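Enquirer:
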Amino acid sequence: MNNELILACDLGGTNLRMATVNVKGEILHLVKLDTPKAKHPAEIAHLITEAAKQCRTAVRRFGTVRALAAAVPATINAADGIILKSPNVPALDGFRFSSIISNELSLPVILENDANAAAIGEHAFGAAKNFQNAVIVTLGTGVGGGIIINGNILRGINGTAGEIGHICVEQFGAPCGCGSVGCLEQYASATAIVRLVRELADEYPNSVLRGKTQITSFAVYQAGIAGDELALEVFRRMGFYLGAALADLVNVLNPEVIVIGGGASAAWDLFIKHVREQIRRHAFREPGETVKVVRASLGDDRAGILGASKLAFDQMI
Ligand SMILES: [Zn+2]
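Numbered per the numbering used here, the sequence shown spans residues 588 to 904.
1. Within the present structure, is the beta-carbon of Cys763 separated from the nearest heavy atom of ligand 1 by less than 6 Å?
2. Would you kindly work out how many angstroms separate the C-alpha atoms of Leu898 and Phe649, rounded to a whole number?
3. Kindly list the residues whose CB is nearer than 8 Å to the CB of Leu671, restricted to its own chain and excluding five residues on each side of it in sequence; keep chain order.
4. Where does Ala638 sit, in a helix, a strand or coil, going by DSSP?
5. So what does Met903 bridge to, in DSSP terms?
6. Is it a yes or a no for the segment 846–865 touching the segment 873–893, going by three-plus beta-carbon pairs under 8 Å?
7. Quick test of the definition: if touching needs 3 or more C-beta pairs under 8 Å, does the segment 639–648 touch the segment 622–630?
8. Sorted by chain position, which residues of the same chain lie with C-beta nearer than 8 Å to Arg867's C-beta, five sequence neighbours on each side aside?
9. Can you determine whether any heavy atom of ligand 1 sits closer than 6 Å to the C-beta of Cys755, and answer yes or no?
10. Exposed or buried, which one is Val839 when buried takes at least 16 other CB atoms within 10 Å?
11. Going by beta carbon distance, what residues of the same chain come within less than 7 Å of Ala715, once the five residues before and after it are set aside?
12. Closer than 6 Å: is that where the CB of Ser767 sits relative to any heavy atom of ligand 1?
13. Considering only C-alpha positions, which residue in the set Lys626, Asp597 and Ser896 is nearest to Val618?
14. Determine the burial state of Ala656: buried for a count of at least 16 other Cβ atoms within 10 Å of its Cβ, exposed for fewer.
15. Would you identify the three-state DSSP class for Glu757, choosing helix, strand or coil?
16. Helix, strand or coil: which one does DSSP assign to Gly708?
17. So does Cys770 have its beta carbon nearer than 6 Å to some heavy atom of ligand 1?
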């Protein structure tokens, strides 16, 4: 197995990363590109196959590439390798990913949802390593989730399990891209942090965030660190809703660990006490005291890639 390699691709709304990975989870070569604002899936497929060829050539002396595994921001049909719905890269809706990429590269192709891939990555190599029951939440543009039960990713009958971002936390809350309202994603994502600042700004006339046209979740975090009351209230709400949803998961799944990652988890210091408070408040005593709540350790740029490669190695063995 030592000289067997996998091409692992993480296709995000912003970046496309392609890497060659060995069985130990070491990245031997990495290519990072902008995801094109493509109208046609062939444009993205072409970019993926070119990046794959480049990664394959670069590692020729280290071993042989056996498969390509891709993590995509979409609901997928894993068995047939088809992308069903991809809200952030709509050109890929309905795209027969595996068969087309497989023909181009003459390699087996494995397809996985990005949040599931990140969960598998954290379970194999990161903060959920050595735990058999884990919940992994990614706070990015949206809120992604993956659930590990007895060491395996939970897929559900349609392959759509683990959509933690779409737990309803506010019955008459903000509308969500999924068609529902009041989803966790609308209160705990980077996008939600910025929206909450705008919604609450009038109540905080002294906030440094008032009147700013361009706000990022990181700027809100920096304001919070400096003691800005508006920023602190936004992260209190974020932690409140995230904690309430996680308390439900603690009661339902009794996990050993909850891992929180993604860009918006940078504000950990400002929201985590509110998360823990809600878990204490709502979860049953024993599972609530047992569960560890920790930060993801692989980083956004590696979790999906390592998870996808792990899936491929497992299927090969
Ligand atoms: Zn939703």
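Ideal placement from N, C-alpha and C gives every residue a C-beta, glycine not left out. All of these numbers come straight from a predicted model, not from anything done at the bench.
Expert: Taking the definition as stated:
1. In the sequence shown, residue 763 corresponds to position 176, counting from 1. Checking every heavy atom of ligand 1 against the Cβ of Cys763, one is found closer than 6 Å.
2. Locating residue 898 in the sequence shown gives position 311, counting from the first residue. Locating residue 649 in the sequence shown gives position 62, counting from the first residue. If you take the alpha carbons of Leu898 and Phe649, they lie about 21 Å apart.
3. Stepping through the sequence shown from its first residue, residue 671 is reached at position 84. So the qualifying residues of the chain are Ala661, Thr662, Ile663, Asn664, Asp680 and Gly681.
4. Within the sequence shown, the letter at position 51 stands for residue 638. Residue state, collapsed to three classes: helix.
5. Residue mapping note: residue 903 aligns to position 316 of the sequence shown, counting from 1. Answer is none; Met903 lacks a bridge partner.
6. yes
7. no
8. For this step, residue 867 is matched to residue 280 along the sequence shown. Gly875, listed in sequence order.
9. Position 168 of the sequence shown, counting from 1, holds the residue named residue 755. No - ligand 1 has no heavy atom lying nearer than 6 Å to the Cβ of Cys755.
10. Here residue 839 refers to the residue found at position 252 when the sequence shown is read from its first residue. So Val839 counts as exposed.
11. Counted from its first residue, the sequence shown places residue 715 at position 128. Same-chain partners within the cutoff: Glu709, Ala721, Ile723, Ile735, Val844 and Val846.
12. Indexing the sequence shown from 1 puts residue 767 at position 180. Yes, ligand 1 has a heavy atom inside 6 Å of this Cβ.
13. Residue 618 sits at position 31 when you count from the first residue of the sequence shown. Residue Asp597 is the option with its Cα nearest to Val618.
14. Residue numbering aside, residue 656 sits at position 69 when the sequence shown is read from its first letter. By the 10 Å Cβ count, Ala656 comes out buried.
15. Locating residue 757 in the sequence shown gives position 170, counting from the first residue. Glu757: coil per DSSP, three-state reduction.
16. Sequence index remark: in the sequence shown, residue 708 carries index 121 (1-based). In this structure, Gly708 counts as helix in the three-state DSSP scheme.
17. The residue given as residue 770 occupies position 183 in the sequence shown. Checking the Cβ of Cys770 against ligand 1 gives yes.
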